[in-house]
Structure formats: C-alpha cells, structure tokens
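Step one of this worksheet: look at the structure below.
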Amino acid sequence: MKRYLLENTIYKILCWICALFTIAICFGIIIYIGIQGLEKFNFNFLVSEPNPTFNEEASGGISTPIIGTLVLTVIGILIAFPWGLLSAVYLTHYAKKGIITGFFKLAIDVLSGVPTIVIAIFGLAIFSNPLFAFLSSKVDNVPGIQKAFGRSFLVAGITMAIMILPYVTKTCIEAIRAVPSSYMEASYAMGASKRYSIIKVLLPAAQKGIVTAVILGMGRIIGDTAIVWLTLGGTLRMTGVQPWYNVQNWWSTLTNTGSTLTSYIYYTSPAGEGNMPKVAFSASLFLIIIIILLNFIVDLIGKSQALEGEDK
Amino acid sequence: MMSEKLESIQINNVNVFYSKHHALKNISMTIQKNAITAFIGPSGCCKTTLLKSINRMNDFVKSFKLDGNIFVDGEDIYKSNKQEHLIELRRKIGLVFQMPNPFKVSIYNNLSMPILEKSPNMPKNKVDALILKSLEDTHIYEEVSNRLHTNAEKLSGGQQQRLCIARALAIEPKIILFDEPCSALDPISTMKIEDLLMELKKNYTIVIVTHNMGQAARIADYVGFFYEGELVEYDTCDKIFTCPTKELTQNYLSGKFS
C-alpha cells in the first residue's frame, strides 16, 4: 500500500474514534442516569415535598426544588431579559462607535468569563447589607451585628440575572446585528422615528434570536449550582411561613430560603449531607430532561414558521 | 420651456463630501412637478447620493457633508436638523430602494404600520380604505387580496417591490424617489413597474435613478446625465436621446463607455 493512503486511513480512523467517544460519553451519561434514576422516578416523586432524612424510603420528592428552580428562572429572566435587550439596543443603535462601545463590549466579555461562584459571593456580600434586608431577612438577636441574612429566592434570582446578563446581551446583540440594515432604512424612509423603527421593525425582525437568548439564559439559570448554594442556602424545604403555596405567604416564601433541583442533587449526593444517590439520580434525570427539552425548543425556533410575521 | 411647468425640487450649487472625497460637484437643477426625471450615468457617479440627499437619507452616513441648498416646494430642507423636521420631510418624500425591502410582517401590516405611525388615531375603516387604495394603485391587489395576512417575504421579488411602492404611497407623499427599482427584477416585473410609474406621475413627482438607458428613454420626461460627480447634461428626454449637446453624453449613450 502506498504510504499516503495508509496515512489517510490512519487519520480517518483517528477522527472516527474521537467522534465515537464523544457520542458514547454523551449517551453513556444520559443512559446511566436514566437507569439509575428511573428506580425512584415516578409521579409521586415529582409532586411530594422533600424530607431532610438519611432514610431513602422517607426522603419524599422534589416538588419544592422544582418550584424553586422555576421561581429563580422567572425572577432571573424577568430582570435580565429587558435589561439585556435594552443594553443590546443601546450598543447597536445608539452608542457612538469608539471608546465607550469598546469598553462596554470588554465589560460584557469579562462579566461572561467570571465564574458563577465569584458572582455568587458578590451577590451575597451586596445583599447582606442591612439596606437590602427587605429582600431576605434581618439577622436579629445577635448583639453587635447589623446585617441582612442575604439569602433568599429574591437575592438568588437577582444574582442569577446578573450572571446571565452578559449572555442575554450578547445573544441579543447578535440577533439585532443579523437584521439587514435595509429594514431600518425602509422604516426611516417612510418617515418613522428611531424609537418606532426599533420597536416595530427591528425587534420583530430579530424575534427568533431574542427568544433564543431568553431560552439560553433559562438553561444557564436552571443548571447553576454555585449561586444557589451561596445565596439561597442549603435548606431542602421552603423556610417561609407555611404552607408556602398559600397566596398570602408568597412574599414570605420569596424572602426566605429553599432549594432548587441543583442544590437538591448536591444535598442528596454522596458529597452532601443526605447521601441518597438514587434520589439524586432521579432528580438529575428530571434536570437533564428539562435541559434537553430547552435545547429542543431552541432548535425548533430556528426552523419554525410561527415567528415569521403571519397575522393570527 | 421648462419654466412653463411647476417646479417641485430646486437644487442649488450642491456639493457633497464623504470625508475628504468630493462626491458631487456643484450640482444645480430644477425638477418638475408631476413628471418623471431620470438620473443616468455610470456606476459610482453619485446619482444615488443626489437622490438620497433629497429626502436626507444620507444623514445616516457618518462622513456625509452637504453644501448648498435643496428647496422642496420653496422650503430649504437642510435648514433644520430637528427630528420632527426630518420625519415630516420623509413623509412628504417617499423612497423606494434598489432591493425590495418589505418588513418581516404581514402584507397588511407592511402598509398599516406607516399609516398608523403617521396618524395613530385613524379609525380602522379609514386605514383599510387607504391600504386598499395603495394596493389598487400599484396593481397588486388582485394578486394578494386572498393573503393579506401572510408574511410579505413570501411574495415574489416583483410583487415585493410593488408592495414597497404601495407602502411609500400609503402615507400620501408628494414626491417619490426610486433608487434603481428594477435592477433586481425580471423583465416582466420591470415592465409592470414602468407602467405603474407612468400612471403615478399624474399625481406624484417622480425621480428615478436607473442604469438602464432603455428604461430612461421609455419612461422619463427629463433626463440628467452624471459623470464623476458632475451633472454633464440635463434636458428633456427627447433632446438627450436624440441630439445631446455634449460629446461625453453621446459617447455614454452610444455605449462607448459605461
């Protein structure tokens, strides 16, 4: 056999093996978690509250961690989405090109590179300030100490918003940049103001990318652990006034601590206090299903016709 | 002969600079009301720059600078830089671009958006009447009447361009500028748009930039020939095409350069 043919074959086999391993690891993790998690995974597990116990049989389910993840996602997106979108509009259509925009872009890049544990510690430091006691609770009965508790769903949600802000802003900038400039020109040429052109012409045309930005942000919030652990704390149950689901207790629930899927997994894993691996795998299975669904939705949006400007 | 007709746009000693580049050199011309005026000339001779200066769409170019005056109905359009002045101006002077650029919304909304932006409190039946009228004026109504609420980007290129003309008509301007409106279209769509322009000149003043000399000969009443930023010759269409006075014009029209 000629030498170059042999080299070709070796190269091809090397690439093939690497690709195969990548796929195998990905599916291996999902299948392993599926097998381990399915044992405890049933409807009851999803709708019952967790119990802080070592007894795997009495450990309850993941209803409040699911709610916790949902609450953090909603708070984070509600804050980060308008904030990020408006920043992106400013950077693309109002800011003069030069030092300021360069500085903004650098800030966004740096912020997106900061590890979430650092953002978490920052959030905790800021929201422990007694000024922000209304977001969590005041530390009472400790003489000489004037500070807020600094851990609650609100604090964690706001910190999450700061964490995803650079990603949301970046993705929105890309979405806005992808809109051909002829759209804005057409709008100006018909005598529309800048504000109108942006709201009615530019943003609808960038809709797909903006929705993708929101979903990517959701994925990051759902998957984050460091911020939850530091700013929401390690309690399994909702610690506000009980029952937490009554409307009059909602504010109390939000200003107190609880758990999310990720902190629940940590708690029940062999590394945490609970040490109930089977329950941890069941919760992981649920988490992975959510993440896969979100990715699937992003994919679907890319191909969808629903956001293509048809009237309903 | 020109002075018998009403003047619509008066361009006086206009010089345009892009940074240091002297793009338009001392242009003076009078554009007549309810007629089609065509700007012809080789690529890069700044015909489009002059066209877009008439409704100040060049203002978005950072390095753009204009000296001289452009009067529209006796009013100097460069006298003020206020936002409302620019908006009023662009509502009076519509612009149709080279590439069809409908908004990424339904056909209906493409037309209702400019109308409602201009007069936000207009009742729906009046809006609908205006939309119907501009669609009929552009002869596109029969083709789209059954799909007014589908995305405008699904139309063919020629239909999209006529929709863009309808969008310009919807806010009832006085002057419409066309920047090579047919260069991206097939011959049949081009013919439809040329017919349309001939009809529109009854009610509107039309200025068109074109690379297609045949098109200028077919539809224009007046033709201005531009070369390297200068207005070489400007006269009625017949005169330019039958007995141009400048050699440069003759050479261009006979295809010696392009």
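If you read the protein sequences in the order shown, they are chains P and X.
Okay, so the first sequence: first residue is 1 according to the numbering used here, each after it adds one.
Okay, so the second sequence: first residue is 313 according to the numbering used here, each after it adds one.
C-beta: ideal position from N, C-alpha, C; glycine also.
In this text, all values refer to a predicted model and were calculated from it rather than measured experimentally.
- Out of 319/X, 389/X, 565/X, 468/X, the CA that lies nearest to the CA of residue 341/X is found in 319/X.
- Annotation for residue 92/P: no alpha helix (DSSP H) segment contains it, and DSSP assigns it neither H nor E.
- As computed with DSSP, residue 377/X is found in a beta bridge with 329/X.
- The residues 101, 104, in chain order, have a CB closer than 8 Å to that of residue 95/P in the same chain once the five nearest residues on each side in sequence are set aside.
- Residue burial annotation: residue 108/P is buried, with at least 16 other C-beta atoms found within 10 angstroms of its C-beta.
- Of the other Cβ atoms in all chains shown, fewer than 16 fall within 10 Å of the Cβ of residue 15/P; this residue is therefore exposed.
- Beta bridge pairing from DSSP links residue 349/X with 519/X, 534/X.
- When Cβ-Cβ separations below 9 Å define contact, residue 201/P makes contact with chain X.
- In this structure, the beta-carbon distance from residue 238/P to residue 28/P does not fall below 9 Å.
- In this structure, residue 262/P places its C-beta atom within 9 Å of the C-beta atom of residue 224/P.
- Here the C-alpha atom of residue 191/P lies approximately 18 Å from the C-alpha atom of residue 473/X.
- Contact annotation: in the region 189-219 of chain P, residues whose CB is within less than 7 Å of a CB in chain X are 189, 190, 191, 192, 193, 196, 200, 201, 204, 205.
- Counting along the chain, the unbroken beta strand (DSSP E) around residue 545/X starts and ends at 542-548.
- Residue environment for residue 195/P: exposed (fewer than 16 other C-beta atoms within 10 angstroms of its C-beta).
- Non-local beta-carbon contacts of residue 167/P in its own chain, meaning distances under 7 Å to residues more than five positions away in sequence, involve 112, 216, 217, 220 in chain order.
- Put simply, the CB of residue 376/X is far from chain P, with every gap to its CB atoms at 9 Å or more.
- The contact set of residue 94/P on chain X, defined by CB atoms closer than 9 Å, is empty, because the minimum CB distance reaches about 13 Å.
- Beta-bridge partners assigned by DSSP to residue 322/X: 342/X, 383/X.
- Taking a Cβ-Cβ threshold of 9 Å, none of the residues of chain P is close to residue 553/X; the smallest such distance is about 30 Å.
- Between the region 365-381 of chain X and the region 320-330 of chain X, the count of C-beta pairs closer than 8 Å reaches three or more; the two stretches touch.
- In this structure, DSSP gives residue 482/X a helical state, which the three-state scheme calls helix.
- The Cβ of residue 186/P sits closer than 9 Å to at least one Cβ of chain X.
- The shortest CA-to-CA distance from residue 182/P to any of 351/X, 356/X, 411/X is the one to 411/X.
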